[in-house]
Amino acid sequence: RTGSDRIALLYLAFLVTVGAAWVSIVAMVHLERRCVDVEADTESRIVEREHRQRGHWLHDDVCSDLRSARLRIESGSVTEADVGGLLDDLEHQLRIRQLDEYIDAGSVRLAEVVQPYLRRAQQEGVAIAESPSLDSGGVTVGGDTARLVQRALGVLVPNAIHHGSSEIAIRLSVDDTAVRVEVEDHAGGFDLDAVPLGRGLDRLRDELGPGRLSRELTADGSIVRAEIPRGARAGVPARARPGPARSPGPSASSGTSGVPAASSPTHPAAQPAPPTFEETRTTP
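Our numbering runs 834 ahead of the 1-based position in the sequence shown.
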C-alpha cells in the first residue's frame, strides 16, 4: 500500500474511534439523567408515603380521640376536670409522636427525649425535684440509644406517678460507653426481683440486659437506675435473661437542674389515666 492509503486508513480509524467515544458519552449522559430521574421519583414516592402515613395517623389516632372526647362531653358523662385529663392525654400522645419522628430521623438530643415525661409528670400534679443538666441533656445520641432511653423513661416515670409519688427527680449521666437514667420517687419501696413477669420493669430489664437495671431504697421511696449502652439496638436484649440473683447497676451521677420543665399543669385536678406500668410496691 502507498503512503496515502495508510494515511486514509489511519484517518478512518480515528473517525471511528471518535464516533465510538461520542456514542459512549451520549449513552452515559442519558443513563445518568435516567438514574437521576429514577432517584428523584423514588424520593418523591417515599416522601408521599410518609405524608400519607402521618395523615392516616392523624385521622386514626388524633381525630378519633377528639371525636371520642367530644361525644363524652356532649353526653354529659365527664366533668370539667375529666375534660382537662382527656386533653392532657392527647397532648402527651402528640409529644410522643413528635419524639418518634425525631428518633426516626437518626439522632436526637437527650433533652428532647426527657421533655415529654417531665411535662407528663407536671400534668399529673407531680413536682419535679430535679431534671437533667444542660450538659447531659444537650448530648446527641443515635436513634437506637434514644429509643431505649425513651423506653426506660416510659416505664419508670409512669410507674412512679401511678403509685402516688408527689415528687420525682430525673437525672442523666453520659459518657462514651453508656447513658445512665435515674428516676427517684417518693412512692414507697418495691422489690425489683419480685416484679411479675411481663410487667413494664420486667420487660425493660430484659431489653437492657443483666445488671443494667437496679433499685435503691430511700427513706420514703426508691431510686431506679437504667444503663443504656451507646450503640445498643432497641428491642434486642443484650444477653439471655439472668437468674434470680441480680447485680446492681452502676450509680448514675446526679445532674443539676437544666432541662427546662414545662409550665405548671393547667388541670391539676384531672384524674390520672389508668396505670400503664403497675408494679407491686410496699410502703417503707
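C-beta: ideal position from N, C-alpha, C; glycine also.
Since this is a predicted model, take the numbers as computed values, not measurements.
Quiz item: Cα-Cα, which of I1002, D938 and S941 is closest to R953?
Solution: I1002
Quiz item: Does DSSP put A855 in a helix, a strand or coil?
Solution: helix
Exercise. Measure the C-alpha to C-alpha separation of A963 and G1034 and round it to an integer number of angstroms.
Key: 24 angstroms
Exercise. Could you tell me the distance, in whole angstroms, from the CA atom of R867 to the CA atom of E884?
Key: 26 angstroms
Quiz item: Going by the CB atoms, is the gap between S941 and V975 shorter than 8 angstroms?
Solution: yes
Quiz item: For D934, which option in E1016, G988, D916 and G1043 has the closest C-alpha, if you only look at C-alpha atoms?
Solution: G988
Quiz item: Leaving out the 5 sequence neighbours to the left and right, which residues in its chain are closer than 8 angstroms to G977 when beta-carbon positions are compared?
Solution: I937, D938, A939, G940, S941, V942 and A1068
Self-check item: Range covered by the alpha helix (DSSP H) that runs through V960
Solution: That residue, V960, is in no alpha helix (DSSP H); it is neither H nor E in DSSP.
Quiz prompt | Continuous beta strand (DSSP E) stretch holding A1136: start and end | solution = Here the chain comprises residues numbered 835 to 1118, so residue 1136 is not present and cannot be evaluated.
Quiz item: Just the Cα atoms here: how many angstroms apart are I1057 and E908?
Solution: 43 angstroms
Self-check item: Runs of beta strand (DSSP E) wholly within the region 901–965 (minimum 3 residues, chain order)
Solution: 941–943 and 961–964
Quiz item: What's the gap between the Cα of A1178 and the Cα of P1063?
Solution: Since the displayed the chain opens at 835 and closes at 1118, residue 1178 lies outside it and no answer follows.
Practice problem: Could you work out which residue in A874, Y845, D969 and L928 is closest to G950 when comparing CA atoms only? | Solution: Checking the sequence shown, residue 950 turns out to be Pro, not Gly. The shortest C-alpha separation from P950 is found at L928.
Exercise. Output the distance between the C-alpha atoms of T851 and D875, rounded to the nearest integer angstrom.
Key: 36 angstroms
Exercise. Using a threshold of 8 angstroms, state whether the C-beta atoms of L1038 and A986 are closer than that.
Key: yes
Practice problem: Would you identify the three-state DSSP class for V881, choosing helix, strand or coil? | Solution: helix
Practice problem: Only counting runs of 4 or more residues, tell me where the alpha helix (DSSP H) segments fall wholly within the region 985–1051, in order along the chain. | Solution: 1034–1042
Quiz item: What is the DSSP secondary structure of G972, counted as helix, strand or coil?
Solution: coil
Quiz item: So S965 and S1007 are in contact, right, with Cβ under 8 angstroms, and what is the actual spacing, rounded?
Solution: S965 to S1007, Cβ: 13 angstroms. No contact.
Quiz prompt | Cα-Cα separation, S838 to G853 | solution = 22 angstroms
Quiz item: Pick from H1020, R1049, D899 and Y845: whose alpha carbon is nearest that of V1029?
Solution: R1049
Quiz item: Looking at C-alpha atoms only, which residue of G1043, E1018 and A1060 is the closest neighbour of T1052?
Solution: E1018
Quiz item: Just how far apart, CA to CA, sit A1086 and A945?
Solution: The predicted model places A1086 with a pLDDT of 35, which falls under 50 and marks its position as unreliable; any figure quoted below should be read in that light. Computed Cα separation, rounded: 17 angstroms.
Self-check item: Per-residue DSSP class, three states only, for S838
Solution: helix
Quiz prompt | Beta-carbon contacts of A1072 that lie in its chain and below 6 angstroms, excluding the five residues immediately before and after | solution = Confidence is the limiting factor: at A1072 the pLDDT is only 46, short of 50, which leaves the residue's position unreliable, though a coordinate-based value still follows. These residues qualify, in order along the chain: G1043.
Quiz item: Can you name, in chain order, every residue of its own chain whose Cβ lies under 6 angstroms from the Cβ of S999, other than the five neighbours on each side?
Solution: D1019, H1020 and A1021
Exercise. Determine the contact status of I1004 and V948, defining contact as a CB-CB distance below 8 angstroms.
Key: yes
Self-check item: Close-in-space but distant-in-sequence residues of the same chain around A961 (CB under 7 angstroms, 5 per side omitted)
Solution: S1000 and E1001
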